[in-house]
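Please read the structure below before turning to the comments.
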Amino acid sequence: MAYSNKVIDHYENPRNVGSLPKDDPNVGTGLVGAPECGDVMKLQVKVNPQTGVIDDAKFKTFGCGSAIASSSLATEWLKGKTVDEALAIKNTEIVAELSLPPVKIHCSVLAEDAIKAAISDYKKKQVNETAQPAAQPTV
Amino acid sequence: MAIKLPIYMDYHATTPVDPRVVEAMLPYFTKQFGNAASRNHPFGWEAEEAVDLARKQVAELIGAGAKEMVFTSGATESNNLAIKGVAEMYREKGNHIITAVTEHKAVIDTCKRLEKEGYRVTYLPVQKDGLISLDDLRSAIGDKTILISIMTANNEIGVIQPIAEIGAIAKEKGILFHTDAVQAAGKIPFNVNEMKVDLVSVSAHKMYGPKGVGALYVRRRNPRVLLAPQIDGGGHERGMRSGTLNVPGIVGMGKAAELCKQEMASDTARLGALRDRLNERLHKSLDEIYINGSIEHRLPHSLNISFAYVEGESLLMGINDVAVSSGSACTSASLEPSYVLKALGAGDDLAHSSIRFGLGRWTTQEEVDYVADKLITVVTRLREMSPLYELAKEGVDLSTMQWEVH
Numbered sequence: 097m098a099y100s101n102k103v104i105d106h107y108e109n110p111r112n113v114g115s116l117p118k119d120d121p122n123v124g125t126g127l128v129g130a131p132e133c134g135d136v137m138k139l140q141v142k143v144n145p146q147t148g149v150i151d152d153a154k155f156k157t158f159g160c161g162s163a164i165a166s167s168s169l170a171t172e173w174l175k176g177k178t179v180d181e182a183l184a185i186k187n188t189e190i191v192a193e194l195s196l197p198p199v200k201i202h203c204s205v206l207a208e209d210a211i212k213a214a215i216s217d218y219k220k221k222q223v224n225e226t227a228q229p230a231a232q233p234t235v
Numbered sequence: 092m093a094i095k096l097p098i099y100m101d102y103h104a105t106t107p108v109d110p111r112v113v114e115a116m117l118p119y120f121t122k123q124f125g126n127a128a129s130r131n132h133p134f135g136w137e138a139e140e141a142v143d144l145a146r147k148q149v150a151e152l153i154g155a156g157a158k159e160m161v162f163t164s165g166a167t168e169s170n171n172l173a174i175k176g177v178a179e180m181y182r183e184k185g186n187h188i189i190t191a192v193t194e195h196k197a198v199i200d201t202c203k204r205l206e207k208e209g210y211r212v213t214y215l216p217v218q219k220d221g222l223i224s225l226d227d228l229r230s231a232i233g234d235k236t237i238l239i240s241i242m243t244a245n246n247e248i249g250v251i252q253p254i255a256e257i258g259a260i261a262k263e264k265g266i267l268f269h270t271d272a273v274q275a276a277g278k279i280p281f282n283v284n285e286m287k288v289d290l291v292s293v294s295a296h297k298m299y300g301p302k303g304v305g306a307l308y309v310r311r312r313n314p315r316v317l318l319a320p321q322i323d324g325g326g327h328e329r330g331m332r333s334g335t336l337n338v339p340g341i342v343g344m345g346k347a348a349e350l351c352k353q354e355m356a357s358d359t360a361r362l363g364a365l366r367d368r369l370n371e372r373l374h375k376s377l378d379e380i381y382i383n384g385s386i387e388h389r390l391p392h393s394l395n396i397s398f399a400y401v402e403g404e405s406l407l408m409g410i411n412d413v414a415v416s417s418g419s420a421c422t423s424a425s426l427e428p429s430y431v432l433k434a435l436g437a438g439d440d441l442a443h444s445s446i447r448f449g450l451g452r453w454t455t456q457e458e459v460d461y462v463a464d465k466l467i468t469v470v471t472r473l474r475e476m477s478p479l480y481e482l483a484k485e486g487v488d489l490s491t492m493q494w495e496v497h
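Residue numbers (my numbering), protein chains in the order written: chain A, 97 to 235; chain B, 92 to 497.
Pasting the structure below:
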């Protein structure tokens, strides 16, 4: 299968690989996919509590080149966006940017799911944080 | 010597034609172009003579008689002819066939078609090492069993089934025994009488011959095996396979078989050592890598390894100057991981992480070292970006986690 140059670039030079401290109340973590399906993405965002802007984003992905590229691109796009802007990212935009073939669309869907999961985790933490400041954040 | 890229390490898929084979074939395209069935002029006689020689060469590779070889278009046709031919011919005797879950699709799908026509098929499971259990085989045999079809060596994992033991059981029970020996023929010693096999499928392009030609061994005595032909026409190949013989292809297959027989001992020793070198290098530098299938009962040139926590297609992308195959779903059209690896019970995640290495006549030590070094680098890099590797290193048991299966 021929990959687009953008997929190859993200695969060879992935942006923002790594992990953020998952217990940090300002960090939201999304872990989506399943090993038996051949792809798992972990995507994390760190939100500035004052501005509501995503300061940092990191990912780790087990999956094909397109899955790696989709999550790498997602972290690039997330940085500097507000939480609400981040939630507006659509998988179709990832498909278009990376020129993913139909058989790889599920990779972009997974990346969108990962963004939503990370932000939902962050929001949950914020609620817990306000309600019971001493509570352990859940991951 | 500088390495020429890309490196071919997918000899299970196909092999290049040996230049000596090409040379043997060439005259039969132009000067000696006759139809082997033309009985009344020298063009036909020459072609027939060439086919007779090839028949003898292929037969000798598997310890058979020349008259027991039927030339076909390849092993898929040979498998179809063997299984459908026996099923149809022995329908009155019974309707039960035994095969295994790890067989090639040319066997599995042939059996599935027969099931639709009222035959009953038992697909034997395999053990963790990829081998069938002889006890399972014995207990699957019934009054209506007419055929056992078990491959000699598996195309994905290279595991060699206990063919002689299966042959003995089949003989004792009076059941015909077919084996798809495509991956084994020319690579390891094979003898139809020692192994008590009645039907054997072989292919030229897996043993340095041309594509589009194969053969089926059909036993002529003890017992004499009868087949219902699946292609009707001029009654070639003793009526079992009509169609003008592919003379250049058959000549090539004969020469390829002869060379394999001559060079088997040296090729086996050399490739076995290279395969072990590849395996040892990978094991020395990488943890959590697993060989799929038996190490002991394995083709000498074959290695199938799962690199845990790394997905196969992304691995192939990282070693894109090396031609190998993966059991990952992403590399297949079906999006399903390899059914052979799944049958070993290793778990789908390890099937997704597998790479098949097939070494061959032109594989060098430099190539093996290059592939090993490159894989070590890429696996290490991909594990650094693998959430599964991270979780495993944190001590999380991945099998107990709740995954959202999509």
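We treat Cβ as the ideally placed atom computed from N, Cα and C, and that holds for glycine.
Note that the coordinates shown come from a computational prediction; the quantities given were computed from them, not determined experimentally.
For B/Gly340, which of B/Ile94, B/Asp101, B/Ile98 and B/Ala115 has the nearest alpha-carbon?
B/Ala115
Counting only runs that start and end within the stretch 144-216 of chain A, where is the beta strand (DSSP E) found for 3 or more residues in a row?
150-158
I think B/Leu222 touches B/His269, with their Cβ atoms under 8 Å apart; what is that distance to the nearest whole Å?
Contact flag wrong, Cβ pair sits at about 18 Å.
For A/Ala231, which residues in the same chain have their Cβ closer than 6 Å to its Cβ, ignoring the five residues on either side in sequence?
Summary for A/Ala231: the model assigns pLDDT 49, below 50, so the residue's position carries little reliability; its value from the coordinates is reported in the next sentence. Hits under 6 Å: Asn224.
Mind checking the stretch 128-145 of chain A against chain B and listing, in chain order, the residues whose C-beta falls within less than 8 Å of any C-beta there?
Val128, Gly129, Ala130, Pro131, Glu132, Cys133, Gly134, Asp135, Val136, Met137 and Lys138
In terms of alpha-carbon separation, which member of B/Arg472, B/Glu140, B/His392 and B/Gln493 lies closest to B/Leu450?
B/His392
CB contact flag (A/Glu132, B/Asp488, <8 Å):
no
DSSP has A/Met137 in a bridge; who is on the other side?
A/Val128 and A/Thr157
To be precise: take each residue of the stretch 108-124 of chain A, compare its Cβ to all Cβ atoms of chain B, and keep it if any distance is under 9 Å. Which residues remain?
Glu108, Pro110, Val113, Gly114 and Ser115
Among B/Asp234, B/Leu228 and B/Ile248, whose alpha-carbon lies nearest the alpha-carbon of B/Ile254?
B/Leu228
I want to see whether chain A comes within less than 8 Å of B/Leu489, judged by CB atoms only; does it?
yes
Are any of the Cβ atoms in chain A nearer than 8 Å to that of B/Pro97?
no
If we ignore side chains and look at the alpha-carbon of each, how far apart do A/Thr147 and B/Ser416 end up?
49 Å
Supposed contact pair B/Glu481 and A/Ser167 - C-beta distance, whole angstroms, cut 8 Å
Going by Cβ atoms, the distance from A/Ser167 to B/Glu481 rounds to 14 Å, so no, they are not a contact pair.
Rounded C-beta distance between B/Ser477 and B/Tyr400? I'm assuming under 8 Å.
5 Å
Output yes if chain A places a C-beta closer than 8 Å to the C-beta of B/Ser416; else output no.
no
Reference A/Ala214, options A/Leu139, A/Asp119, A/Pro145 and A/Thr157, closest by Cα:
A/Leu139
Using three-state DSSP, classify B/Gly305 as helix, strand or coil.
strand
Name the one or two DSSP bridge partners that B/Met160 has.
B/Tyr308
Please report the Cβ distance between B/Ala319 and B/Met180, rounded to the nearest whole angstrom; I am assuming they are in contact, meaning their Cβ atoms lie under 8 Å.
5 Å
Helix, strand or coil: which one does DSSP assign to B/Ile257?
helix
By Cβ distance, which residues of its chain are closer than 7 Å to A/Leu183, with the 5 residues on each side in sequence left out?
Lys212 and Ile215
State the Cα-Cα distance for the pair B/Met492 and A/Ala130, rounded to the nearest angstrom.
10 Å
Check whether chain B comes within 8 Å of A/Thr188, counting only Cβ atoms and requiring the distance to be less than that.
no
Would you kindly work out how many angstroms separate the C-alpha atoms of B/Lys352 and A/Asn187, rounded to a whole number?
57 Å
Taking only beta-carbon atoms, is B/Met180 less than 8 Å away from chain A?
no
Excluding five sequence neighbours on each side, which residues of the same chain lie with their C-beta closer than 7 Å to the C-beta of B/Ser224?
Gln218
Assuming A/Leu206 contacts A/Asp135 (C-beta within less than 8 Å), just tell me the rounded distance between them.
6 Å
Pull the bridge partners of A/Lys142 from the DSSP assignment, please.
A/Val123 and A/Asp152
Is any beta-carbon of chain A found at less than 8 Å from that of B/Ser419?
yes
Whole angstroms is fine: what's the gap from A/Val179's alpha carbon to A/Pro121's?
15 Å
Could you tell me which of B/Asp358, B/Asn246, B/Gly330 and B/Ala178 sits nearest to B/Gly209, measuring between CA atoms?
B/Ala178
Determine the direct distance from the alpha carbon of B/Pro107 to that of B/Ala157, and round the result to whole angstroms.
26 Å
Determine, using beta carbons only, whether B/Gly438 comes closer than 8 Å to chain A.
yes
Counting C-beta neighbours from all protein chains within 10 Å, is the total for B/Gly265 16 or more, i.e. buried, or is it exposed?
exposed
So which residues on chain A does B/Glu404 lean against when the C-beta distance must stay under 7 Å?
Cys160 and Gly161
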